[in-house]
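> For the protein sequence lines, the chains are A and B, in the order given.
Take 2 as the starting number for the first sequence in my numbering and just add one per residue.
Take 2 as the starting number for the second sequence in my numbering and just add one per residue.
Below: one structure in structure tokens.
There are 2 protein chains.
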Amino acid sequence: MKTPTLIAAVMLSGLTGLATAAEPIQPIEPVKAINLAKVELGKKLYFDPRLSKSGFISCNSCHNLSMGGTDNLKTSIGHNWTQGPINSPTVLNSSMNVAQFWDGRAADLKEQAGGPIANPGEMAFTHTLAVDVLKSIPGYVNEFRQVFGTQELNIDEVTDAIAEFEKTLVTPNSPFDQWLLGDADAITQSEKEGYELFKNSGCVACHNGPAVGGTSFQKMGLVAAYETKNKAEGLAGVTGKDADRMKFKVPTLRNVEMTYPYFHDGEAATLTDAVDIMGRLQLGRQFSKDENAKIVAFLKTLTGDQPQFLLPILPPSTDATPKPQPFD
Amino acid sequence: MKTPTLIAAVMLSGLTGLATAAEPIQPIEPVKAINLAKVELGKKLYFDPRLSKSGFISCNSCHNLSMGGTDNLKTSIGHNWTQGPINSPTVLNSSMNVAQFWDGRAADLKEQAGGPIANPGEMAFTHTLAVDVLKSIPGYVNEFRQVFGTQELNIDEVTDAIAEFEKTLVTPNSPFDQWLLGDADAITQSEKEGYELFKNSGCVACHNGPAVGGTSFQKMGLVAAYETKNKAEGLAGVTGKDADRMKFKVPTLRNVEMTYPYFHDGEAATLTDAVDIMGRLQLGRQFSKDENAKIVAFLKTLTGDQPQFLLPILPPSTDATPKPQPFD
């Protein structure tokens with residue numbers, strides 16, 4: 002008499018998510034172990050434009066947490082209105098990336114955080130000057146001391162705190178994740194058909210895992226060449242290998258409805274365009290209008306709960322704080 | 002036998018604030034009647050860089066609510082890194098101003114809100130284009146309909162909602178207000194002495210009321226001329242009267258510790274400098290180092306509770322949304 006037990010087990014699995022264990026995409030999990038005090042410090046630093054030469058550009062300027070962790074521009078605006086070389090990827094769920102930046106040149110979020118501060122075309126500061134600013138502000142000095150337990154205040158701590166905040170920027174509870182976890186009605190029939198197309202056409206070969214991407218580097222223009230005026234060379238710039246030209250980190254598709262425009266050059270304005278180009282250039286497949294629409298509908302089910310937090314209030318500068326130099 | 006009753010009344014008045022009724026500065030009151038739905042809409046608009054041509058500059062860029070409602074720059078950075086002509090005044094408690102902008106050219110917050118959107122050196126957009134963007138975003142269309150009860154979405158509603166949000170940006174509960182309301186220990190002896198100097202030297206002639214300013218226009222350089230390279234002419238630009246040259250709206254001193262640098266040209270980097278210059282040029286008085294320090298100590302007691310709210314999440318653009326043009 003094992004039948005009732007089996008039925009119960011199957012029903013239970015639908016509720017607990019066991020039924021989706023075989024899916025190539027897994028739900029985003031809420032943040033677990035974090036250092037709360039470090040997160041609060043990192044949040045302030047993330048929003049603090051005093052980490053830039055101008056006093057005007059913060060991490061949040063180009064990875065705007067009101068807008069899916071991006072700036073929604075093709076390429077970003079940096080110091081002195083410099084046009085950036087590449088599209089700003091979303092900071093949301095970025096802790097799940099195999100490496101950071103489109104070319105993976107930073108191993109992790111901590112290493113990434115130091116990049117834009119010192120990039121002349123972005124925040125245009127130096128690590129030393131940024132730390133000098135923070136050291137002149139008692140509110141920060143006290144908070145660093147509490148978090149790190151030392152009198153020292155250095156760039157290593159700054160980027161560590163920013164990374165700790167960024168680790169909290171996950172987006173669980175999307176309709177698709179609710180469906181993965183057993184709520185059969187969380188997505189529509191069209192969206193399910195879009196997911197089936199996404200799986201059966203080969204998209205999941207690269208866009209898989211909890212972040213639906215972010216785990217590998219792939220050549221942009223696999224079946225047919227990708228035409229762009231953008232000069233980014235991808236992974237080759239890091240490895241020096243010719244075979245790595247035009248290889249970029251596969252972007253996460255989580256919250257992709259919010260992270261337009263698409264691709265490393267930001268040249269795909271809409272999801273419809275992006276799906277069409279990916280189909281043709283990466284999979285050698287021309288999606289019909291109906292197929293494209295269903296895949297786009299599926300992609301929009303990947304929008305999760307956006308991080309909710311109080312806008313941080315920054316400790317004020319003092320008479321001793323080096324002045325920003327926006328126009329020098 | 003009336004003595005005990007009198008003593009009780011005096012003690013009571015100390016607790017209820019009656020004793021401070023004669024003071025030239027009154028406490029900031031918390032926000033009362035507001036339209037909550039309109040505030041939520043206005044908060045989104047305040048943080049939305051899609052109201053600018055570049056898609057990069059929002060109200061919060063120059064009136065940053067993490068930094069006392071200012072950008073802490075001498076003059077602001079606008080579209081294409083344009084150097085602004087004047088210091089960005091704080092948005093905090095700005096609903097108490099007699100008029101808006103340093104020269105009072107906008108009667109109220111609603112009128113002010115339309116200015117920067119269409120200013121070529123600031124957000125560089127037009128009201129029509131800004132409204133076109135909002136109309137293309139279903140999340141906004143629905144919210145405007147709920148708030149205003151019409152199918153129309155126009156610039157009048159946009160600025161109305163932004164102004165409603167700005168009305169909530171008051172900063173009650175500063176140490177000085179706690180003292181005004183009867184807590185004798187809320188400020189130190191030095192701070193009290195600074196307040197006495199502030200009153201007795203004539204500062205309160207202009208810096209009075211709940212906002213400690215904002216209620217009148219006064220000539221910058223009354224006793225001695227104010228030397229500056231800044232070209233702003235003040236009220237004369239509005240009235241056309243030569244007598245109004247260099248007359249500017251008296252700024253609020255609420256949260257002045259956070260709203261550096263000071264004056265319409267942003268040329269006073271510190272409160273010490275600002276107090277010194279004001280003393281000499283407006284009052285014909287050279288404050289001693291000790292007097293200056295006490296006044297500065299008093300001014301720092303005017304920092305109130307900063308507005309606390311969740312960072313708004315903006316509704317995403319659609320395929321139909323006009324694209325930002327940061328580099329055109």
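Beta carbons are placed, not taken as given, at the ideal position from N, Cα and C, and that holds for glycine.
How should A:Gln84 be labelled, buried or exposed, when 16 other C-beta atoms within 10 angstroms of its C-beta is the threshold for buried?
Classification for A:Gln84: exposed.
> Given a cut-off of 8 Å on the beta-carbon distance, is the pair B:Thr271 and B:Thr71 in contact?
Not closer than 8 Å, so no.
> Rounded to a whole number of angstroms, what is the C-alpha to C-alpha distance between A:Met12 and A:Ala233?
Because the pLDDT at A:Met12 is just 42, under 50, the model does not fix this residue reliably, and the value given afterwards should be weighed accordingly. Computed Cα separation, rounded: 50 Å.
> Please classify A:Phe249: does DSSP put it in a helix, a strand, or coil?
Reduced to three states, the DSSP call for A:Phe249 is strand.
> Quick check: what's the CA-CA separation for B:Pro327 versus B:Cys204?
Cα to Cα, the separation comes out at about 44 Å.
> For B:Asp178, count neighbouring C-beta atoms within 10 Å of its own C-beta (all shown protein chains included) and say buried if the count is 16 or more, exposed if not.
It is buried - the Cβ of B:Asp178 has at least 16 other Cβ atoms within 10 Å.
> Does any residue of chain B have a CB that is nearer than 8 Å to the CB of A:Ile163?
For A:Ile163, the answer is no, since every Cβ of chain B falls outside 8 Å of its Cβ.
> Kindly list, in the order they appear in chain B, the residues whose Cβ is closer than 8 Å to that of A:Phe57.
Result: Ser62, Asp72, Leu74 and Ile78.
> Contact defined as beta carbons within less than 8 Å: I believe B:Ile330 pairs with B:Thr169. What is the distance between those atoms, to the nearest angstrom?
Nothing can be reported for residue 330 of chain B: it is not among the residues displayed for chain B, which extend from 2 to 329.
> Excluding sequence positions up to five away, which residues of its chain have a Cβ less than 7 Å from the Cβ of B:Asn155?
Excluding positions up to five away in sequence, the list reads Val132.
> Please identify the residue among A:Asp49, A:Gly69, A:Lys54 and A:Ala23 whose C-alpha is closest to the C-alpha of A:Lys301.
The shortest C-alpha separation from A:Lys301 is found at A:Gly69.
> In chain A, what lies closer than 8 Å to B:Ile87 by C-beta?
Neighbours of B:Ile87 on chain A: none; closest Cβ ~14 Å, over 8 Å.
> Compare the C-beta of B:Met259 against all C-beta atoms of chain A and say whether one is closer than 8 Å.
Interface residue, yes.
> Hey, would you say B:Lys214 sits closer than 8 Å to B:Leu181, going by beta carbons?
Checking the displayed sequence, the identity of residue 214 of chain B turns out to be Gly instead of Lys. Contact: no.
> Would you check if the distance between the CB atom of B:Glu123 and the CB atom of B:Gly56 is smaller than 8 Å?
Not in contact: B:Glu123 and B:Gly56 (Cβ atoms no closer than 8 Å).
> Could you please give me the residues that DSSP links to B:Ala269 through a beta bridge?
Beta-bridge pairing links B:Ala269 to B:Tyr263.
> Starting from the beta carbon of A:Asn81, find every residue of chain C whose beta carbon is closer than 8 Å, and list them in chain order.
Judged by its chain identifiers, the structure shown contains no chain C, and its protein chains are A and B.
> Since I believe B:Gln309 is in contact with A:Leu315 (beta carbons under 8 Å), could you give me their beta-carbon distance rounded to a whole number of angstroms?
At roughly 14 Å, the Cβ-Cβ gap does not stay under 8 Å, so A:Leu315 and B:Gln309 are not in contact.
> Grab me the residues of A:Glu158's own chain with a C-beta within less than 7 Å of its C-beta, minus the 5 sequence neighbours each way, in chain order.
Once the five neighbours on either side are set aside, the close Cβ partners of A:Glu158 are Phe145 and Phe149.
> At a cut of 8 Å, does the segment 28-45 of chain B reach the segment 183-195 of chain B through at least three beta carbon pairs?
With the cut-off at 8 Å, the segment 28-45 of chain B and the segment 183-195 of chain B do not touch.
> With H, G and I counted as helix, E and B as strand and the rest as coil, what does DSSP make of B:Gly210?
In the structure shown, B:Gly210 sits in coil (DSSP, three-state: anything other than H, G, I, E or B).
> Going straight from the alpha carbon of A:Arg281 to that of A:Gly222, what length do you get?
Those two C-alpha atoms are separated by around 9 Å.
> A:Leu110 by DSSP, collapsed to three states: which one?
Reduced to three states, the DSSP call for A:Leu110 is helix.
> Once you ignore the five residues that flank A:Ser191 on each side, which residues in its own chain have a CB closer than 6 Å to its CB?
Excluding residues within five positions, the ones whose Cβ falls inside 6 Å are Lys295 and Ala298.
> Using beta-carbon positions only, say whether A:Ile188 and A:Ser318 come within less than 8 Å of one another.
Contact flag unset, no.
> My output table needs one value for B:Asn65: the three-state DSSP class, helix, strand or coil.
In this structure, B:Asn65 counts as strand in the three-state DSSP scheme.
> Do the CB positions of A:Ala114 and A:Ile163 come within less than 8 Å of each other?
Yes, Cβ-Cβ distance for A:Ala114 and A:Ile163 is below 8 Å.
> Have a look at A:Cys60 and B:Phe48 and give me their C-alpha separation to the nearest angstrom.
Their Cα atoms are separated by approximately 15 Å.
> Would you list, in chain order, the members of the segment 121-150 of chain B that have their beta-carbon closer than 8 Å to a beta-carbon of chain A?
From the segment 121-150 of chain B, no residue has a Cβ closer than 8 Å to chain A.
> Cα separation between B:Glu165 and B:Met97?
Cα to Cα, the separation comes out at about 13 Å.
> Short of 7 Å in beta carbon distance, which residues of its chain neighbour A:Leu331, apart from the five on each side in sequence? Order them along the chain.
In the structure as shown, chain A begins at 2 and stops at 329. Residue 331 of chain A is therefore absent and cannot be evaluated.
> Quick check on the burial criterion: 16 or more other C-beta atoms within 10 angstroms. Buried or exposed for A:Asp320?
Exposed: under 16 other Cβ atoms inside 10 Å.
> So, helix, strand or coil for A:Ile58, using DSSP?
Reduced to three states, the DSSP call for A:Ile58 is coil.
> Using CA atoms only, rank isn't needed, just tell me which of A:Lys111, A:Leu110 and A:Gly238 is closest to A:Lys248.
Minimum Cα distance to A:Lys248 is reached at A:Gly238.
> If you count every other CB in all the chains shown that lies within 10 Å of the CB of B:Thr91, and 16 or more means buried, which is it?
By the neighbour-count rule (16 or more Cβ atoms within 10 Å), B:Thr91 is buried.
> Per DSSP, B:Gln179 is paired with what?
Paired residues: none, contrary to the question.
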